[in-house]
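S.K.:
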Amino acid sequence: MGCLDLGFEGSTKSTLTAHLAVAAHHAGILTAVVDTDPQATLRMWSTRRQLDGPPVRPETTPDFLEPTLREFERQGAELVLIDTAGKAELMGKRAAELSDLVLIPTRTSLADMDAVPTSHAMAKAAGKPHFVLFSDVDVSGAKRDVKEAAAGFVARGIPTGRENGAPIICHRKGYKSCLIDGSTI
Ligand SMILES: Nc1ncnc2c1ncn2[C@@H]1O[C@H](COP(=O)(O)OP(=O)(O)OP(=O)(O)O)[C@@H](O)[C@H]1O
Ligand SMILES: [Mg+2]
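First residue of the sequence shown: 1298, per this note's numbering; consecutive thereafter.
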């Protein structure tokens, strides 16, 4: 199964991918990560990681994404997570075509949320199930912010994690340090 994160620059895509990958790995699911971002956030995270974890492979060429996924499949991977760069149209399109589920993380700030319809359109064009995942949410205002934001998306026909039973990812300082030292929280 392939799963992709799409979204605005800095919208917490890589943090989400690292945490999902490690959680799946510890749940006994054979998991792998493809880092399509030339910034190589997860490749560097993996290099610094001292603990057991899923393999992270770089792939920045859209045409090579499918062979990379097939290779992981041949090796027995049950879940492959694809981390994308913000504003990566060609790679985002290809990754959406090759995935079974597209996650669109966003903060509840207007700047981040304004970018969501583009990711939604990309996933929709690829005919893939997708939803918006609220992330880095200020817990004090979480319920109101997320409720209002989700209602706005639903009114525009954009599915969100609220209707799909997904958790809200709260703001926690530990999410910052873990990308630096190769851990997860
Ligand atoms: N839940 C959270 N709480 C606090 N900080 C967070 C949280 N999620 C992510 N961050 C921080 O926000 C910043 C952006 O996160 P991240 O690098 O995962 O975003 P991205 O979407 O992958 O960015 P890019 O578009 O540059 O690839 C990082 O400094 C990260 O540590
Ligand atoms: Mg990233």
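Glycine is no exception: its CB is placed at the ideal position from the N, C-alpha and C atoms.
Computed from a predicted structure; not experimentally measured.
1) How big is the Cα-Cα spacing for Val1413 and Ala1447?
2) For ligand 2, enumerate in chain order all residues having a CB closer than 7 Å to any of its heavy atoms.
3) The alpha helix (DSSP H) spanning Ala1422 covers which residue range?
4) What is the C-beta distance between Thr1381 and Leu1313, in whole angstroms, given that I count them as a contact (C-beta under 8 Å)?
5) In chain order, what are the residue ranges of uninterrupted alpha helix (DSSP H) at least 4 long that sit wholly in the stretch 1436 to 1466?
6) Please look up how many angstroms separate the CB atoms of Ala1393 and Lys1425, rounded, as I've assumed it's under 8 Å.
7) Please report the distance separating the alpha-carbon of Ile1379 from that of Cys1467.
8) Give the range of the beta strand (DSSP E) segment to which Leu1398 is assigned.
9) CB Thr1338 to CB Ser1432, shorter than 8 Å?
10) Any heavy atom of ligand 1 closer than 7 Å to the CB of Leu1476?
11) CB of Ile1466 to nearest heavy atom of ligand 1: below 7 Å?
12) Tell me which residues share the same chain as Asp1478 and place their Cβ nearer than 7 Å to its Cβ, disregarding the 5 neighbours each side in the sequence.
M.R.: For this structure:
1) Your numbering for residue 1413 matches position 116 in the sequence shown. Your numbering for residue 1447 matches position 150 in the sequence shown. Their backbone Cα atoms lie some 12 Å apart in a straight line.
2) Here the list is Lys1310, Ser1311, Asp1334, Gln1336, Thr1338, Asp1380, Ala1382.
3) Within the sequence shown, numbered from 1, the residue matching residue 1422 stands at position 125. Residue range 1413 to 1422 is occupied by the alpha helix (DSSP H) that includes Ala1422.
4) Walking along the sequence shown from the start, residue 1381 turns up at place 84. Walking along the sequence shown from the start, residue 1313 turns up at place 16. That belief does not hold up - the Cβ atoms of Thr1381 and Leu1313 are roughly 11 Å apart, past 8 Å.
5) 1439 to 1452
6) Counting from one through the sequence shown, the residue named residue 1393 turns up at place 96. Counting from one through the sequence shown, the residue named residue 1425 turns up at place 128. Right, their Cβ atoms sit about 6 Å apart.
7) For the purposes of this step, residue 1379 is taken as residue 82 along the sequence shown, with counting starting at 1. For the purposes of this step, residue 1467 is taken as residue 170 along the sequence shown, with counting starting at 1. In this model, Ile1379 and Cys1467 are separated by some 22 Å (Cα to Cα).
8) Here residue 1398 refers to the residue found at position 101 of the sequence shown. From DSSP, the beta strand (DSSP E) with Leu1398 extends over 1398 to 1403.
9) Here residue 1338 is taken as the residue at index 41 of the sequence shown, counted from 1. Here residue 1432 is taken as the residue at index 135 of the sequence shown, counted from 1. No; because the gap between Cβ atoms is not below 8 Å, this pair is not in contact.
10) Taking the sequence shown and counting its residues from 1, one reaches residue 1476 at position 179. Leu1476: yes, Cβ under 7 Å from ligand 1.
11) Working through the sequence shown from its first residue, we reach residue 1466 at position 169. Indeed, a heavy atom of ligand 1 lies less than 7 Å from the Cβ.
12) Indexing the sequence shown from 1 puts residue 1478 at position 181. Only Arg1345 meet the Cβ criterion.
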